[in-house]
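As given, the protein sequences belong to chains A and B, one line each in that order. Quick note: to get the numbering used here, add 16 to the position in the first sequence (first position is 1). Quick note: to get the numbering used here, add 16 to the position in the second sequence (first position is 1). The beta carbon of each residue, even a glycine, is placed where N, CA and C say it ideally should be. Every value quoted in this text rests on a predicted model; they were computed, and no experiment measured them. Following: one structure in structure tokens, then a few remarks.
There are 2 protein chains.
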Amino acid sequence: MDEQQPQAPHAHRAGGRAAKRAARSARSGVSMPFITRRIGHYEVLDEDGLALIERNADTILAEVGIDFRDDAEALAVWKAAGADVQGERVRCPPGMCREIIRAHAPAEFLQHARNPARSVPIGGRHTVFAPSYGSPFVRSLDEGRRYATIEDFRNFVKLAYLAPSLHHSGGTICEPVDLPVNKRHFDMVYSHMKFSDKPFMGSVTHPERAQDSVEMARILFGDGFVDPATGKPKTVLINLINANSPMTYDATMLGAAKVYARANQATIITPFILAGAMSPVTVAGTAAQTLAEALAGMAFVQLVSPGAPVVLGSFASSISMQSGAPTFGTPEPALVLFAMAALARRLGVPFRSGGALCGSKIADAQAAYESVNTLLPTCLAGVNFVLHAAGWLEGGLAMGYEKFIMDVDQAGMMHTLLAGVDLSENGQAMDAIREVGPGKHFLGCAHTQANFETAFYRSPIADNNSYEQWEAEGSQDLAQRANTKWKQQLAEYTPPPLDPAVDEALVAYMTQRKASFPDSKF
Amino acid sequence: MDEQQPQAPHAHRAGGRAAKRAARSARSGVSMPFITRRIGHYEVLDEDGLALIERNADTILAEVGIDFRDDAEALAVWKAAGADVQGERVRCPPGMCREIIRAHAPAEFLQHARNPARSVPIGGRHTVFAPSYGSPFVRSLDEGRRYATIEDFRNFVKLAYLAPSLHHSGGTICEPVDLPVNKRHFDMVYSHMKFSDKPFMGSVTHPERAQDSVEMARILFGDGFVDPATGKPKTVLINLINANSPMTYDATMLGAAKVYARANQATIITPFILAGAMSPVTVAGTAAQTLAEALAGMAFVQLVSPGAPVVLGSFASSISMQSGAPTFGTPEPALVLFAMAALARRLGVPFRSGGALCGSKIADAQAAYESVNTLLPTCLAGVNFVLHAAGWLEGGLAMGYEKFIMDVDQAGMMHTLLAGVDLSENGQAMDAIREVGPGKHFLGCAHTQANFETAFYRSPIADNNSYEQWEAEGSQDLAQRANTKWKQQLAEYTPPPLDPAVDEALVAYMTQRKASFPDSKF
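Below you can see the structure in the form of structure tokens.
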């Protein structure tokens, strides 16, 4: 845990009263800053199984090795640490990476938001939901599928800000392809800062863009950026560093990782794996390879900047063995997810995986089946940082407006599920059962009246009316109701207050930097 | 366990080879007769929490009591057993019902199918999927929503027979409202016998209809009906006995339960609860009441016929506190389900709950989100008999043709999930990782080639093609693809062989019985 304990309704594992308060907050549309689970983690492997995967990961690191490409500094770091470096191939004796990580990496840390009430603890029993990341396209019922713009990006930052069940503003929610590739990051980072006060992610597509993200964060947080107790920057950015699976890290990602690690900003080291193409076709093989790659990446970060926050990431999908296309919401990736969550806990680092993933092009039943088949394992496994919790369509190629609203509703349900069973006297409700008795109904009893408002999760978009009423209201499907909802939310959006001087300084920084080099498509 | 051990791919908790064989069966469209889980049960309550719910159930049985209505024999049975009977109210001292059940009820039993390869064990680590039950309406993309007919009923029996992931033919899949109420059961039971060779359910709407179900089963099984070892009928029917919650059993259900119990046929004793209306608005209160009602019902069955198979059933949904409408796929019923599954295991009886429940009127994203939010907890909790695994729409008011096909696909995925992680040498795939190494791909490696066919669950209806291909093929949603699929399946259906003499005897029985009393609307 970082130096500051967040003050949140869910911060304590307490009895029924806290659960009730949390439930009431969720239902009244008030954001909870994060989830602290009160139910256990689901495990698919026992001690022997987990130890087997760990041994296999060690074997991969020792015998096969990991390539660190086009980064002489990285190879020098590994050599100095005692690894066997042959060309760009790095091999580590069994246990070495694990020891480095355990010696330095925090088990849990706080990512600060500019609004301190929205800071999020990453790790432990906490779960943080963030929007999807990286889509070049957006999709809506009105326009179908088209390339994303910075206007879409801002829209999704606003929608995430308004979503009571999302705790985080995310990163590259969609690619603003109307802006030059090498300057997009300014507008994306600025949008997170300006249109939301939730925590967010920095740019990773070039070390300089990572540095820009840090500099803008320094401006945003001002005097609060450096922690007086440690003299180090507070962790205010969390950043997605993908391995180039199998068993490869490239210079771009390594460069960004080094920038962030040295600035005490968090990195999520994520082997991005379509099993069958980038890893073996089996769950145990994919888990061992994921662990090996993540161990190498996280150990590298700790060698560069001991104590810098790192998160073990796992993105595992299967592929269609007919077409090679990625598939989502299938059972094998859920098994990988359960296994990896347990392995991260054993290692003692926070875990990122899952989300509301799907392969469907549209917000139909396929999208929904697949999304829950990922999100529910995500939550039961105990994922700490859930990227892609809302909006994901088409294997990540498109960000859906309606899908976003639908997924936000699902994320809301997860708050209630993870709060577990209230066993307080009120939760037991024995007075109600005594009062009502056989053959009567509970609608009017004192206990029901007292718990009326917080009783059940209320979906803002599900239709549970009578068939006749649903028909009279136009026989809408869920996507149509979600369409109404996001337009209404954008129309009603008001931004969180931002000190005008800070805003000016951010704009000045961007303007100066943008003018200092030409636009580029790379 | 009953006298006969079924021979099934999943019958042993073995290593990777059995898993692989099972996976191959699932993928090749061959029915697996049932699932035997290789992963653990998810628990939301610890020992103390479960013991608290049990104590509260005992308190309800001792202090509040259960009404057994319009059935003097039932009251006499309770009085003879030592219960406190006041009018129709039955109160049992703490522990009494539990002791009766533990003394007599089997922890697991075999439901025989006319095709012995399709007999299903109910209980233990087994899971059996059956279609939805009880809808007066059907829905398809072609016709929208209309009243169900016997033709629809036959269609769904055929579709369930063809579904590799459904192990059971179910019962009242939909209400054939074109037939007289008091004679429908003949055609329903006959349809299960004629158009499928999977196990099925009997009629419960009147004791005489239960008796007709037993008599037709006796004809179907012929010499095999009575077990020579015990002299008792084999268990060939499983039957849904709902409590009239709160805390009431009515004469119809009690009458049917007695008929089945005395014929050694299985009963599923299910408190059917819309929490907030028929139980308190809390998870712990609903669980305690469900357990109390189920304990009373199961103990009653054991008093009537000691050793007759019983299943602890739980159907719990929440309601909208605004409209009073039932809601499905919300988190609270999932918590009830997890709790009840653990309570059934502690009691030592098989458990029925869950399914693919939803409130949506159509096979849209709402239906899918809600269905997985029920089905996945159903499977992770360890439900043994999963009624409503396919087809459910509109809170059970409509049986959906497309929804059925979509849910069957989901049920198929659950086979893979519950098979867990293959930790065999082939499953570990270390040779593949060694062969491929950093920066290469796994598509062509020897391990991938060897495991190509069984590698991942294959959905027959999900679209994972490129966006362009999907668009070229008409931009169909999942429901449209499912529509094509069910029509194709019905067109290709061929019935399982049935001895013509048995068929004639069944028809003769029905003809004689139907002619012996007038049609009625009740």
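Rounded to the nearest whole angstrom, the CA to CA distance from residue 140 of chain A to residue 124 of chain A is 6 Å.
Between the region 227-237 of chain A and the region 246-266 of chain A there are three or more C-beta pairs closer than 8 Å, enough to call the two in contact.
Contact between residue 116 of chain B and residue 315 of chain B is confirmed by a C-beta separation of about 4 Å, below the 8 Å threshold.
Proximity of chain A to residue 264 of chain B at the Cβ level (cut-off 9 Å) is accounted for by 454 and 455, in chain order. Residue burial annotation: residue 158 of chain A is exposed, with fewer than 16 other C-beta atoms found within 10 angstroms of its C-beta. Annotation: the continuous beta strand (DSSP E) that includes residue 414 of chain B extends over 414-416. With respect to the 8 Å criterion, residue 187 of chain A and residue 270 of chain A are not classified as neighbours on the basis of their beta carbons. Around the C-beta of residue 210 of chain B, 16 or more other C-beta atoms lie within 10 Å, and the residue is accordingly described as buried. Using a C-beta cut-off of 8 Å, the region 145-155 of chain B makes contact with the region 401-415 of chain B, since at least three inter-stretch Cβ pairs fall below that distance. As far as DSSP is concerned, residue 91 of chain B takes part in no beta bridge. When rounded, the separation of the alpha-carbon atoms in residue 360 of chain B and residue 328 of chain B is 7 Å. For residue 120 of chain A and residue 322 of chain A, the gap between their C-alpha atoms comes out near 5 Å. Taking a contact to require three or more Cβ pairs closer than 8 Å, the region 361-370 of chain A and the region 368-377 of chain B do not qualify as touching. For the options B:423, B:400, B:396 and B:416, the alpha carbon positioned closest to that of residue 433 of chain B is the one of B:396.
Note that the region 447-458 of chain B does not touch the region 66-85 of chain B; fewer than 3 beta-carbon pairs, one per stretch, sit closer than 8 Å. Pairing residue 280 of chain A with residue 536 of chain A gives a Cβ-Cβ distance that is not under 8 Å. The DSSP-derived three-state label of residue 59 of chain B is coil.
Residue contact with chain B for residue 199 of chain A: absent (no Cβ-Cβ distance below 8 Å to any residue of chain B). For a Cβ distance threshold of 8 Å, residue set 56 of chain A lies close to residue 59 of chain B, ordered along the chain.
Against chain B, the beta carbon of residue 404 of chain A has no neighbour under 8 Å; the closest one sits roughly 16 Å away. Taking 8 Å as the Cβ-Cβ cut-off, the region 369-384 of chain A approaches chain B at 375, 376, 377, 378, 379, 380, 381, 382, 383 and 384, given in chain order. When DSSP assignments are scanned along the region 330-354 of chain A, no uninterrupted stretch of alpha helix (DSSP H) that is 4 or more residues long falls wholly within it.
Between residue 530 of chain B and the set B:226, B:202 and B:442, the nearest pair of CA atoms involves B:202. Residue 126 of chain A and residue 388 of chain A have their C-alpha atoms some 28 Å from each other.
Beta bridge pairing from DSSP links residue 137 of chain B with B:126. Taking C-alpha positions only, residue 128 of chain A is separated from residue 182 of chain B by approximately 50 Å. Within 8 Å of the CB of residue 464 of chain B, the CB atoms of chain A belong to 292, 296 and 297, in sequence order along the chain.
Nearest to residue 339 of chain A by alpha-carbon distance, out of B:155, B:138 and B:478, is B:478. In chain order, 79 and 80 make up the part of chain A whose C-beta sits under 8 Å from the C-beta of residue 450 of chain B.
Under the three-state reduction of DSSP, residue 200 of chain B is assigned to helix. Only 422, 426 and 429 from the region 416-429 of chain B bring a Cβ to less than 7 Å from some Cβ of chain A.
Excluding the 5 residues flanking it on each side, residue 293 of chain B has same chain C-beta neighbours closer than 6 Å at 335, in chain order.
Judged by DSSP in its simplified three-state form, residue 166 of chain B adopts helix. Neighbours of residue 76 of chain B in chain A, taken as residues at a C-beta separation under 9 Å, are given in chain order as 446, 449 and 450.
A distance below 8 Å separates the beta carbons of residue 297 of chain B and residue 467 of chain A. Beta-carbon to beta-carbon, residue 60 of chain B and residue 437 of chain A are separated by about 6 Å, close enough to satisfy the 8 Å threshold.
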